Amino acid sequence: MKRNHARNPNLQNAPHQGGSSTPNSSVDVFVSINTWNEPSPVEKLEEMLSEKQRNHHVLKSEPAIARILTQDNSGQQRIQYICRATPPSGIYNLASYRAPVGRLASLPIGSQVTLPNKKILTVLERAMLRPVYDLAGWDSRDSVLTGENFGPFTIESFRVFLKGLEKDGAPEDILAQLIGEDSVKANIFEGLRRNVITKMGLRDQPVLDQYQDEIFRLPLNTRLMILGPPGTGKTTTLIRRLGQKLDTVYLDETERKLIEATVNGVATHRDSWIMFTPTKLLKQYLKEAFARERVPASDLRIVTWHDFRRELARTKLRILKTATGSGTFVLKESLPSLRPAAQENPIQWYSDFNAWQQSTFIQNLHGATETLVAGNQNSVSRLGKRLEAIIARADKSSLASIFRALVAEVPNAQAFVASVKEVSDMQIKEGLNHHLGQNRALLDDLARFMDELLQTEAIDSDEQDDLDTEDETSGALQTDRTVALNAYMQAVRAKARAIASKRSMSKDSRNNKIVEWLGDRTLSEAALAGIGADLVLQNNARQFVNPVKRYLDGIPTRYRAYRRMHQERGDWYAKDGYDSKEVHPLELDVVLLSVLRAASDLLSVPDVLRNIDAPVWSSLSPIADLYRNQILVDEATDFSPIQLACMASLAEPRIRSFFACGDFNQRLTTWGTRSEHDLKWVYADVEIKRVTVSYRQSRQLNDLARAIVQAVGGADQTVTLPEHVDSEGFAPVLLESAADHHVIVDWLANRIREIESFVKQLPSTAVFVNSETAVKPISDALNVALSEHNIRVQACSDGQFIGQDMDVCVFDIQHIKGLEFEAVFFVGIDSLARMQPELFDKYLYVGTTRAATYLGVTCEQTLPAAMEALRPQFRKDWK
1 MKRNHARNPN
11 LQNAPHQGGS
21 STPNSSVDVF
31 VSINTWNEPS
41 PVEKLEEMLS
51 EKQRNHHVLK
61 SEPAIARILT
71 QDNSGQQRIQ
81 YICRATPPSG
91 IYNLASYRAP
101 VGRLASLPIG
111 SQVTLPNKKI
121 LTVLERAMLR
131 PVYDLAGWDS
141 RDSVLTGENF
151 GPFTIESFRV
161 FLKGLEKDGA
171 PEDILAQLIG
181 EDSVKANIFE
191 GLRRNVITKM
201 GLRDQPVLDQ
211 YQDEIFRLPL
221 NTRLMILGPP
231 GTGKTTTLIR
241 RLGQKLDTVY
251 LDETERKLIE
261 ATVNGVATHR
271 DSWIMFTPTK
281 LLKQYLKEAF
291 ARERVPASDL
301 RIVTWHDFRR
311 ELARTKLRIL
321 KTATGSGTFV
331 LKESLPSLRP
341 AAQENPIQWY
351 SDFNAWQQST
361 FIQNLHGATE
371 TLVAGNQNSV
381 SRLGKRLEAI
391 IARADKSSLA
401 SIFRALVAEV
411 PNAQAFVASV
421 KEVSDMQIKE
431 GLNHHLGQNR
441 ALLDDLARFM
451 DELLQTEAID
461 SDEQDDLDTE
471 DETSGALQTD
481 RTVALNAYMQ
491 AVRAKARAIA
501 SKRSMSKDSR
511 NNKIVEWLGD
521 RTLSEAALAG
531 IGADLVLQNN
541 ARQFVNPVKR
551 YLDGIPTRYR
561 AYRRMHQERG
571 DWYAKDGYDS
581 KEVHPLELDV
591 VLLSVLRAAS
601 DLLSVPDVLR
611 NIDAPVWSSL
621 SPIADLYRNQ
631 ILVDEATDFS
641 PIQLACMASL
651 AEPRIRSFFA
661 CGDFNQRLTT
671 WGTRSEHDLK
681 WVYADVEIKR
691 VTVSYRQSRQ
701 LNDLARAIVQ
711 AVGGADQTVT
721 LPEHVDSEGF
731 APVLLESAAD
741 HHVIVDWLAN
751 RIREIESFVK
761 QLPSTAVFVN
771 SETAVKPISD
781 ALNVALSEHN
791 IRVQACSDGQ
801 FIGQDMDVCV
811 FDIQHIKGLE
821 FEAVFFVGID
831 SLARMQPELF
841 DKYLYVGTTR
851 AATYLGVTCE
861 QTLPAAMEAL
871 RPQFRKDWK
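Residue numbering for the sequence shown follows our numbering, starting at 1 and increasing by one per position.
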């Protein structure tokens, strides 16, 4: 290594404390600002200043994370420093890791990188740095040095190493000389050292490896899935990619143009992202990892699908019922509505429903046009024929093209509907005035009757048609009388349509109950028949007044009809045991995807998106508001293909950026994504990248994890340990015949004390149990057993961690995805095999791979049969 390049004079005296070196800047730089009409320059300047201060704050505590010696194609050598933040101008050889030159830090010695200016650089030497500042000044701990002819070496203290290089001449104190030589030797280790995990959360990896780095720099508009075993840095790569793509400074011209083409352009890009995660516990630790990347991650940005789905269906799309009366379904988490086939073949289930509901909608439009064509008015018949020609193309055209063609006829349909409404309303009100002349309290009496009516779920088609329109009093103050007037008009219309159609009104409907109460206080049957004939035409024409809204809003109702039909067949649904208004979460996913994909198809048409405020397209606006420039998914295999497709449908249509990561062997849900075929169904052009180097586990635990996959027939995958790393650890330990609570606790306490004695501190330690009810009993008993050594045990009920980093944590196994610990204990693994036969192998694999070095397993009786082949890999203890 070339000693004269050991330190960067620009960084050597960087301050650790004190104010930022950012110059005082303010809006005074502008000569004149009209803040009433032009606030954006001020806001932009303030954001730039805030970002500069954040970058300087990072650089104060961590000036650089890598030092690279490079050589260009002309033979000139140069030192390049890499940092996390955006550096200030004036330091020519300091660059952010997010910049193209930052890739140098991830490449092996001898590799080349071509910069945007076409210059080719070759990596000659590399030092990975972990800067710290203490009372003695700057240091870098556990630095890794590699060159063409040396290394890799791990240097415990770079400061001690440099002092050893600078000594000249022999000191007079021979003892000091000998001690100094020993300290220098002890400071340098051949190879790389594995760090002990001392706290919960995702470990910090300042620089990605060569393959991770290549993935995180892929273009913004990429659809990407990273597959790989635990500990391979999938989530870290995902977070790094988001951080880089949010920082427009480091995007290329093509990426910036994509962002500028969106509705809000660059202004909202930094906040235009959302990340989905399966558990709330993982959500909390992702937030910490985002904070290290200087990416603000509120609860609006990192969400669980469970929470997001409910809010989306309840407030945005009005699929779930609310107190305001909107919505169709009531969500029931454990509704016994689905047969196994629905969970095992979700893609086929969704495709079958979506094709049926689209066909049903088109058939209804066909029926409406036939009625209009046969109408007794020439203008109506002509309208029907034009609409019939459009609908006739439905089998050959996309739904989006049909809607775009129907839009041209919307004004004609509106005009006819309005004319019929005007005439029919006048006739109905004339009859009402006649009855009010006989009884002025009629509307008051009706209002009191309506207060007594029980709300029913039975809404016939006539009522639904009236709900699609606005009465002339809807914009006025809704007094009891105006509410009663609206109800009177709707009920009389419903009766008129029923007479004209020669059918009966639904007995349980509100309209029928009002008609029965009114008795002869409406119109004569002959008058109602005449009005009804026009209203039947009006209702058929109304289907074309706002076809997009009718299609989207009708999907939940069509789903209920589809389910009722298939209940009788018994293919997707159980025949009984639930109410028609109730819906299972996986059913809600199917309904949501039908709505979101239909909207996405329409919004992908440029002129639709440009005119989204027009009445005919405005029903798409709530969905367009959901779009984000980047969609990210962690632990994607825990989500069903339907759920992943819902998330993908939220991607901004002009960018379509979707980035997910996961591992088929870690799928902890019966409905989760099982294959690459499932992923290709979500996005046909998704790129699947694999990472195989596991940075978490020791050799012994890595061998055990691979043996588990082979034993249970899991997805085979190549797993390698990082080069030059001392990956030796300890064999896992096993306790059998441990049904007694006290025996388990004593064994756990002894093993935890052993670990502390080995490591010389208590590392991050977790105990996994099989249910929430077991969390607190084990925690309380273990607290007592370890109190003599001042080790505290924290019960993490419902996956919520509220303790300290040095606490031993007890979790229900269902909350463990994405976490890592130095030591893990698995309690009652044979009991888990009995409780979760379908997912036992997944839980076993995931639980095992949470541990980096120490793994302990207990059985109430003996190892499950599926694990018997693994018995030779276990020991009784670690002594």
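Quick reminder that beta carbons are idealized off the backbone N, C-alpha and C, glycines included.
A quick note: this is a predicted structure, and the numbers were derived from the prediction, not measured.
What is the rounded straight-line gap between the Cα of residue i and the Cα of residue j?
i	j	result
Glu214	Trp356	43 Å
Ala680	Phe216	The amino acid occupying residue 680 in the given sequence is Lys; Ala does not appear at that position. In a straight line, the C-alpha of Lys680 is about 21 Å away from that of Phe216.
Val857	Ala636	28 Å
Ala368	Ala541	7 Å
Met450	Leu528	23 Å
Asp841	Gly233	23 Å
Ala614	Ile623	15 Å
Ala866	Ala711	7 Å
Arg310	Leu320	8 Å
Gln836	Ile816	16 Å
Leu704	Glu820	16 Å
Val767	Arg292	27 Å
Leu227	Thr371	55 Å
Ala627	Pro296	Reading off the sequence, residue 627 comes out as Tyr, not Ala. Using only the alpha carbons, I get a separation of about 19 Å.
Gly437	Ser419	27 Å
Ile755	Phe329	53 Å
Answer with buried or exposed for residue i, where buried requires no fewer than 16 other C-beta atoms within 10 angstroms of its C-beta.
i	result
Lys760	exposed
Gly137	exposed
Gly570	exposed
Tyr895	Not covered by the structure: residue 895. The range shown for the chain is 1 to 879.
Phe30	Legend: pLDDT at Phe30 = 48, less than 50; position of this residue unreliable, value from coordinates given subsequently. It is exposed - the Cβ of Phe30 has fewer than 16 other Cβ atoms within 10 Å.
Gln643	buried
Thr765	buried
Ile197	buried
Phe150	exposed
Thr248	exposed
Tyr843	buried
Met48	exposed
Gln957	What is shown of the chain runs 1 to 879, which leaves residue 957 out entirely.
Glu452	exposed
Identify every residue that forms a DSSP beta bridge with residue i.
i	result
Leu748	Note: Leu748 sits in no beta bridge, so no partner.
Ser157	Arg141
Val767	Val810 and Phe825
Gln77	Gln71
Ser96	Cys83
Trp305	Its beta-bridge partners do not exist; DSSP assigns none.
Val330	Glu582
Gly147	Glu125
Quick check on residue i: does DSSP put it in helix, strand or coil?
i	result
Glu123	One detail in the question is off: residue 123 reads as Val in this sequence, not Glu. Looking at Val123 - three-state DSSP - the assignment turns out to be strand.
Pro340	helix
Met505	coil
Asp663	coil
Gly265	helix
Phe216	helix
Gln455	Residue placement at Gln455 is flagged as unreliable, the pLDDT there being 48, under the threshold of 50; the coordinate-derived value follows with that caveat. Three-state DSSP puts Gln455 in coil, outside helix and strand.
Arg654	coil
Asp134	strand
Gln348	helix
Glu897	Nothing about residue 897 can be read from this structure; the chain reaches only from 1 to 879.
Gly519	coil
Val725	strand
Under 8 Å between C-beta atoms, does residue i make it to chain C?
i	result
Ala64	This model lacks chain C altogether; it includes just one protein chain.
Segment contact flag, the segment 216-227 with the segment 62-70, C-beta cutoff 8 Å, min 3 pairs: no
Inter-stretch contact (C-beta, 8 Å, three-pair minimum) for the segment 647-656 and the segment 618-631: yes
Three-pair Cβ contact test at 8 Å for the segment 520-539 versus the segment 489-500: yes
contact_flag[the segment 732-742, the segment 858-876] where n(CB pairs < 8 Å) is 3 or more: yes
Cβ pair count under 8 Å reaching 3, the segment 815-834 against the segment 780-791: no
Inter-stretch contact at 8 Å, needing at least 3 Cβ pairs: the segment 683-700 / the segment 718-731: yes
Touch test, the segment 103-111 against the segment 121-130, Cβ-Cβ under 8 Å, three pairs minimum: yes
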